[in-house]
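Number of protein chains: 2
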Amino acid sequence: MEGESYKTRKVITIGIVSELTGLSERRIRYYEERKLITPERSEKGNRKYSFSDIEQLMDIANKREEGVPTQEIRQDILKEKKKKEEENERDIRKKMLRGQINAQFGLRDK
Amino acid sequence: MEGESYKTRKVITIGIVSELTGLSERRIRYYEERKLITPERSEKGNRKYSFSDIEQLMDIANKREEGVPTQEIRQDILKEKKKKEEENERDIRKKMLRGQINAQFGLRDK
DNA sequence: CGTGTAAGGAATTCTGACACG
DNA sequence: CGTGTAAGGAATTCTGACACG
Chain A
1 MEGESYKTRK
11 VITIGIVSEL
21 TGLSERRIRY
31 YEERKLITPE
41 RSEKGNRKYS
51 FSDIEQLMDI
61 ANKREEGVPT
71 QEIRQDILKE
81 KKKKEEENER
91 DIRKKMLRGQ
101 INAQFGLRDK
Chain B
1 MEGESYKTRK
11 VITIGIVSEL
21 TGLSERRIRY
31 YEERKLITPE
41 RSEKGNRKYS
51 FSDIEQLMDI
61 ANKREEGVPT
71 QEIRQDILKE
81 KKKKEEENER
91 DIRKKMLRGQ
101 INAQFGLRDK
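Chain order of the listed sequences is A and B.
For the first sequence, counting from 1, position 24 maps to 24 in the UniProt record's numbering; every step adds exactly one.
For the second sequence, counting from 1, position 104 maps to 104 in the UniProt record's numbering; every step adds exactly one.
See the structure below:
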């Protein structure tokens with residue numbers, strides 16, 4: 001519940017991402033154009049990626065090798081995203097329920 | 001035993017480190033000269049830092065504000081490092097001992 | 001559609017040095 | 001000692017375009 005920050009923090013420039021993934025900068029920018037990844041931008045407009053983005057890119061590269069078109073990859077990504085959001089919602093509901101129960105029995109959070 | 005990788009992987013350029021820490025690039029380079037941090041280098045010679053380095057830098061900045069000289073900060077860092085190494089050694093010994101005991105009793109690792 | 005490449009400009013980073021205190 | 005700044009060059013990144021298939 002915090003260790004995620006290193007993984008999702010957008011701080012890596014495109015050159016390093018290219019080294020780490022083995023993809024050309026051209027391809028990396030193109031996948032952004034096709035909305036497969038969404039880097040942040042620095043003040044002067046330079047792209048910044050997270051480790052998470054890098055992993056995403058490697059998945060994308062694998063699928064591309066199998067001939068999957070970007071449009072289809074995007075669908076897959078959207079499904080994955082939706083799935084995770086639902087999981088998060090379920091977790092939140094669980095926690096809220098637990099909170100209500102604790103309140104009912106006069107328990108203190110700690 | 002792997003989640004460390006995001007924290008210690010050296011992938012962040014000095015400009016971003018400067019933004020994240022609020023320190024000038026000049027100061028960041030100087031602290032390297034004084035051996036308070038040790039970034040890696042890209043092929044063409046650009047410095048690359050980890051999140052860990054960034055945290056280290058913020059500690060350094062705090063101590064500098066208190067007037068602690070870099071030379072003293074370096075000593076502190078070395079002590080910290082030694083302490084952690086000893087902890088690691090102890091852990092390894094524990095694990096080895098456990099392994100021996102398991103072998104003695106014919107237990108399988110799994 | 002997906003990717004390479006050459007093009008020109010703007011921003012980044014590097015080193016060594018001078019400044020001040 | 002610790003940090004700022006100006007200097008000049010090299011490497012990085014950006015965008016829009018043409019190429020090919």
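Note that CB positions come from ideal geometry on N, CA and C, so glycine has one too.
Element boundaries [alpha helix (DSSP H), containing residue i]
i: K44/A; result: That residue, K44/A, is in no alpha helix (DSSP H); it is neither H nor E in DSSP.
i: V17/A; result: I14 to T21
i: S24/A; result: Taken as a continuous stretch (DSSP letters only), S24/A belongs to no alpha helix (DSSP H), as it is neither H nor E.
i: F51/B; result: F51 to E65
i: R93/A; result: T70 to Q104
Whole-angstrom C-beta distance between residue j and residue i, which should lie under 8 Å
i: R74/A; j: R34/A; result: 7 Å
i: T21/A; j: L57/A; result: 5 Å
i: L23/A; j: T70/A; result: 13 Å between Cβ atoms; not a contact.
Cutoff 7 Å; reference residue i; Cβ partners in own chain excluding five residues on either side
i: residue 111/B; result: In the structure as shown, chain B begins at 1 and stops at 110. Residue 111/B is therefore absent and cannot be evaluated.
i: I60/A; result: Y31, L36 and I73
Nonlocal neighbours in the same chain, by C-beta distance under 8 Å from residue i, ignoring five residues either side
i: D109/A; result: Residue placement at D109/A is poorly supported in this model, since its pLDDT is 49, which falls under 50; the coordinates are not used for a value here.
i: L97/A; result: none
i: T8/A; result: S50, F51 and S52
i: R90/B; result: none
Close Cβ partners of residue i (< 6 Å) along its chain, the five nearest in sequence each way excluded
i: E25/A; result: I14 and S18
i: D76/A; result: none
Proximity of residue i and residue j at Cβ, strictly below 9 Å
i: E72/B; j: K63/B; result: yes
i: Y6/B; j: Y30/A; result: no
i: I16/B; j: S42/A; result: yes
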